[in-house]
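Residues in the sequence shown are numbered from 35 upward in steps of one, following my numbering. Glycine included, C-beta positions come from ideal geometry on N, C-alpha and C. Encoded as structure tokens, the structure appears first; notes follow it.
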Amino acid sequence: MHWRSRLLHPSRRAPEGFRSLVPPVHRGSTVIFERTTDIRDDWHQAAHGYTYGLYGSPTVLDLGARIAELEGARHTFIVPGGQAAIATVYLAFCKAGSHGLVPYNAYGPSRELAGGLLGRLGIEIETYDPAIGARIAGLIRPNTALIWTESPGSVTMEVQDVPAIVAAAKARGVPVALDNTYAAGVLFDAFGHGVDVSVQALTKYVGGHSDLLLGSVSVANESLYESVGSVWSQLGMAVSPDDASLALRGLQTLGIRLERLEASALAIARWLESRPEVEQVLHPALPGCPGHDVWKRDFTGSSSVFSFVFRPQIPAAAVAAFVDRLVFFRKGFSWGGTTSLAMIYPDLRRPGRDYAGRLVRLNVGLEEPEDLIADLSNALLGGPQRDDD
Ligand SMILES: *Cc1c(COP(=O)(O)O)cnc(C)c1O
Numbered sequence: 035m036h037w038r039s040r041l042l043h044p045s046r047r048a049p050e051g052f053r054s055l056v057p058p059v060h061r062g063s064t065v066i067f068e069r070t071t072d073i074r075d076d077w078h079q080a081a082h083g084y085t086y087g088l089y090g091s092p093t094v095l096d097l098g099a100r101i102a103e104l105e106g107a108r109h110t111f112i113v114p115g116g117q118a119a120i121a122t123v124y125l126a127f128c129k130a131g132s133h134g135l136v137p138y139n140a141y142g143p144s145r146e147l148a149g150g151l152l153g154r155l156g157i158e159i160e161t162y163d164p165a166i167g168a169r170i171a172g173l174i175r176p177n178t179a180l181i182w183t184e185s186p187g188s189v190t191m192e193v194q195d196v197p198a199i200v201a202a203a204k205a206r207g208v209p210v211a212l213d214n215t216y217a218a219g220v221l222f223d224a225f226g227h228g229v230d231v232s233v234q235a236l237t238k239y240v241g242g243h244s245d246l247l248l249g250s251v252s253v254a255n256e257s258l259y260e261s262v263g264s265v266w267s268q269l270g271m272a273v274s275p276d277d278a279s280l281a282l283r284g285l286q287t288l289g290i291r292l293e294r295l296e297a298s299a300l301a302i303a304r305w306l307e308s309r310p311e312v313e314q315v316l317h318p319a320l321p322g323c324p325g326h327d328v329w330k331r332d333f334t335g336s337s338s339v340f341s342f343v344f345r346p347q348i349p350a351a352a353v354a355a356f357v358d359r360l361v362f363f364r365k366g367f368s369w370g371g372t373t374s375l376a377m378i379y380p381d382l383r384r385p386g387r388d389y390a391g392r393l394v395r396l397n398v399g400l401e402e403p404e405d406l407i408a409d410l411s412n413a414l415l416g417g418p419q420r421d422d423d
């Protein structure tokens, strides 16, 4: 054999049986079939064996299996990001002529998809008040194909009565999907509360270090596994095994990170509550947050992200200057990593309320809470701006 052919067909290999604690990174598009009679194109790899890398290498399927186990799901599909997870669910349940329901405080790009691409496909998505609870029954139509929930909602943090919505939806045979990112799939038991599909931006707490983008779509039962899987497989939701490997690493410390983030975020939220400049702290574990009683009933903990609103006398420009004075809280999108973040929303409005640029969302990281409180305190008092960024 010419050495150039030998490059592709080596006769020597490393020994097998390396029993690392770490799940291996399996790269691959093509999967080799032993005999021609074995050749098939089938996305059900978990049941029928490997066929093609697009449907997930063992690293990606391992991550899916672990998320499914954590959430108590029949199966978890791993997708390239949280937004990809949301798009997959919409396309799995809705078709031209369908009606869907989404809370008005849902993740921004999710609402953009609802009003943009889905509208062009002839799918009508209606927004509803996240506090609606059982009254959602009044919005269900004969063609309602999907009800989204997200609890707590993005930025304004309203906690939803998911069990009441599930009960109303089940009575009409409508599936309920939950964006369970805030709870990291563990602080709220989606399937125990009757949800059909739970999605997560694994980008946030499972990744946990702001170095990857991944999402998950977890389904409750066999028929949803088939219906969601057939759409997921057509969308080409390829996932890098390297990213999946990082998420598997993140899972190992998810428990201890969540515990620490909860304690730090609560300490900071309580301190903010005591400040005269602050009108309202929107943290699900504090009574000032809409839906706090539901949170107490249904959640086993809180996490790192919450918002607060300055008093009306404080103009938007002063709020922005406050955020610019922060040193430990960096300015950037996303959350759930190890670094504290602050974000302003100059145009944020909700039905009946204009926040007029006075809302700040914080993601609390793993810095010492005393340092974070000192940072917030200095910025409130007009301390110096950092000069290195
Ligand atoms: C960040 C986020 C998403 C989107 O996740 P990406 O991985 O960034 O696409 C979806 N839902 C919620 C609630 C989020 O916070």
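- Take the alpha-carbon of E158 and the one of A148: they are about 8 Å apart.
- Bridge partners of D213 according to DSSP: E184 and V233.
- DSSP places Q314 in the strand class (E or B) of the three-state scheme.
- Under the DSSP definition of a beta bridge, S252 partners with T110 and S232.
- Counted as a single uninterrupted DSSP element, the stretch harbouring S274 is not any beta strand (DSSP E), since DSSP gives it neither H nor E.
- Where L42 is concerned, the enclosing alpha helix (DSSP H) starts and stops at W37 to L42.
- Relative to the Cα of V265, the nearest Cα in the group V113, G62 and R40 belongs to V113.
- Of the heavy atoms belonging to ligand 1, none sits nearer than 7 Å to the Cβ of A376.
- When the five nearest sequence neighbours on each side are left out, the beta carbons in the same chain lying within less than 8 Å of the beta carbon of A203 are those of I170, I174, I181, P209 and V210, in order along the chain.
- For I159, the enclosing beta strand (DSSP E) begins and ends at E158 to Y162.
- In the structure shown, P137 falls within a strand segment according to DSSP collapsed to helix, strand and coil.
- I378 places its beta carbon less than 8 Å from that of V357.
- Pairing Q234 with N255 gives a Cβ-Cβ distance that is not under 8 Å.
- Excluding five sequence positions before and after V315, the CB atoms of its chain that fall closer than 6 Å to its own CB belong to A303, L306, E307, G322 and F342, given in chain order.
- Looking from the CA of H109, the closest CA among G366, A301, G263 and T372 belongs to G263.
- Proximity to ligand 1 was defined by a C-beta distance below 5 Å to any of its heavy atoms, and the residues meeting it, in sequence along the chain, are G115, G116, Q117, Y141, D213, T215, A235, T237 and L247.
- In the same chain as Y389, and ignoring 5 residues on each side of it, the C-beta atoms closer than 6 Å to its own belong to L382, in chain order.
- Of the other Cβ atoms in all chains shown, fewer than 16 fall within 10 Å of the Cβ of S411; this residue is therefore exposed.
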